[in-house]
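Position in the sequence shown counted from 1, then plus 377, gives you my numbering. Where is the CB? At the ideal position from N, CA and C, for every residue including glycine. Notes follow once the structure below has been shown.
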Amino acid sequence: MNRRAFLRTLGTAGTALATAPAVATTLIARDAAAASGEQLATLYDLSKCVGCGSCVAACRDAHAADYPEPKKPFPKMYPARVKAEDFSDKRDLDTRLTPYNWLFIQSATVSRNGAPVTVNMPRRCMHCTHPPCVELCPWGSAVRHADGAVAIDASICLGGSKCRTVCPWAIPQRQTGVGLYLDLLPAFAGNGVMYKCDRCHSRVAAGGKPACLEACPYEVQTIGPRAEIIAAAHAMAKSIGGFIYGETENGGTNTLYVSPVPFADLNAALKTGPGQPGLHAAADVMGKEQNLATAVLMAPIAGIAAGLLRLAGRFKNAAPKEDDHA
Numbered sequence: 378m379n380r381r382a383f384l385r386t387l388g389t390a391g392t393a394l395a396t397a398p399a400v401a402t403t404l405i406a407r408d409a410a411a412a413s414g415e416q417l418a419t420l421y422d423l424s425k426c427v428g429c430g431s432c433v434a435a436c437r438d439a440h441a442a443d444y445p446e447p448k449k450p451f452p453k454m455y456p457a458r459v460k461a462e463d464f465s466d467k468r469d470l471d472t473r474l475t476p477y478n479w480l481f482i483q484s485a486t487v488s489r490n491g492a493p494v495t496v497n498m499p500r501r502c503m504h505c506t507h508p509p510c511v512e513l514c515p516w517g518s519a520v521r522h523a524d525g526a527v528a529i530d531a532s533i534c535l536g537g538s539k540c541r542t543v544c545p546w547a548i549p550q551r552q553t554g555v556g557l558y559l560d561l562l563p564a565f566a567g568n569g570v571m572y573k574c575d576r577c578h579s580r581v582a583a584g585g586k587p588a589c590l591e592a593c594p595y596e597v598q599t600i601g602p603r604a605e606i607i608a609a610a611h612a613m614a615k616s617i618g619g620f621i622y623g624e625t626e627n628g629g630t631n632t633l634y635v636s637p638v639p640f641a642d643l644n645a646a647l648k649t650g651p652g653q654p655g656l657h658a659a660a661d662v663m664g665k666e667q668n669l670a671t672a673v674l675m676a677p678i679a680g681i682a683a684g685l686l687r688l689a690g691r692f693k694n695a696a697p698k699e700d701d702h703a
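Here it is as structure tokens:
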């Protein structure tokens, strides 16, 4: 057994020691889903996308009830170097990822065979097969479902943004002034809640499809078992002389793109920045032994933390409101 295999085995054993269900999703469920072939992946045919934004509008409608309603004024941020992040007055912003916009259209124009080619790309969470946001979240609030969808449990997220720091694309976005931290120690613990695409997990679990997929008038996106999606991506790329992104990036993802032009060219032409991820050749974050060892050590702690935070949330919801005795 090599060192990495030993660490994974140790991680499974450490996970079994924790009682909170969030721990199982960090290490065990990931491997079980991979072994059973139950992971679902999505495939974007970028040659079809015209950038109409129907998917963005559908995503907003489907998740309107999930968007944050912050309390103002915000508590003093801790540590002091952490700045408040407030998008509540920019809810209509759709040119980047925000807590109110989990999907946006990113466009790039490149030269192909001497002619300009514009490629439109729906961008959101990549739903990695080995998501560092899940395995390195200290609170156990990031979870990976058996079907491969990666989500953040807003009810126990404290907004520390570790998930964004370790994500190769910095996908999760923070809203200050919302979440459980306001009822704990707002001056010392937490900074809000992190938000991102959950691939409409509840809809898919009920037999439906992601809202963005259903709304697309050009059938840009398909969803299916990961092995079938990978095969379809290769067939599509071969038929158009195209290129694939997402199959191996960060150790593999459940979001694949096929483009008629190289992704390196697209990445060079993209406008990138906060909430506007690139298309670089992302290395496997969890392939680094240091991160893997950290995940092994954190798994039981994160599970316990998640359990305690859920318990705190239940007490909060059960507590009588001030006007209950009026």
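When you compare only the Cα positions, how much space is there between residue i and residue j?
i	j	result
residue 422	residue 522	25 Å
residue 654	residue 625	17 Å
residue 439	residue 588	7 Å
residue 484	residue 446	30 Å
residue 612	residue 497	21 Å
residue 467	residue 557	23 Å
residue 453	residue 660	36 Å
residue 579	residue 491	46 Å
residue 645	residue 486	10 Å
residue 600	residue 657	23 Å
residue 539	residue 417	25 Å
residue 674	residue 518	Any reading at residue 674 must be qualified, since the residue scores a pLDDT of 49, below 50, and its modelled position is unreliable; the value itself is stated next. The straight-line gap from Cα to Cα measures roughly 16 Å.
residue 516	residue 458	21 Å
Is residue i helix, strand or coil by DSSP?
i	result
residue 542	helix
residue 664	helix
residue 421	strand
residue 631	coil
residue 551	strand
residue 487	strand
residue 481	strand
residue 465	coil
So is residue i buried or exposed if we call it buried at 16+ other beta carbons inside 10 Å?
i	result
residue 319	Coverage of the chain is limited to positions 378 through 703, which leaves residue 319 absent and any answer about it impossible.
residue 489	exposed
residue 524	buried
residue 662	buried
residue 616	exposed
residue 499	buried
residue 477	buried
residue 443	exposed
If residue i sits next to residue j, beta carbons under 8 Å apart, how far is it from one beta carbon to the other, in whole angstroms?
i	j	result
residue 537	residue 448	Not quite, the Cβ-Cβ distance comes to about 19 Å (not below 8 Å), so this is no contact.
residue 597	residue 619	About 14 Å; that fails the 8 Å criterion.
residue 520	residue 530	6 Å
residue 549	residue 505	Not really, about 12 Å apart at Cβ, beyond 8 Å.
residue 573	residue 502	5 Å
residue 427	residue 638	Actually they are not in contact, since the Cβ atoms of residue 427 and residue 638 sit about 16 Å apart, beyond 8 Å.
**Prompt:** Could you give the uninterrupted runs of the alpha helix (DSSP H) lying entirely in the region 564-628, keeping only those of 4 residues or more?
**Reply:** 578-582, 588-592 and 603-617
**Message:** As an exercise, report each continuous alpha helix (DSSP H) stretch of at least 4 residues that is fully enclosed by the region 489-546, in chain order.
**Reply:** Taken in chain order, the complete alpha helix (DSSP H) segments of 4 or more residues contained in the region 489-546 are 509-512 and 539-543.
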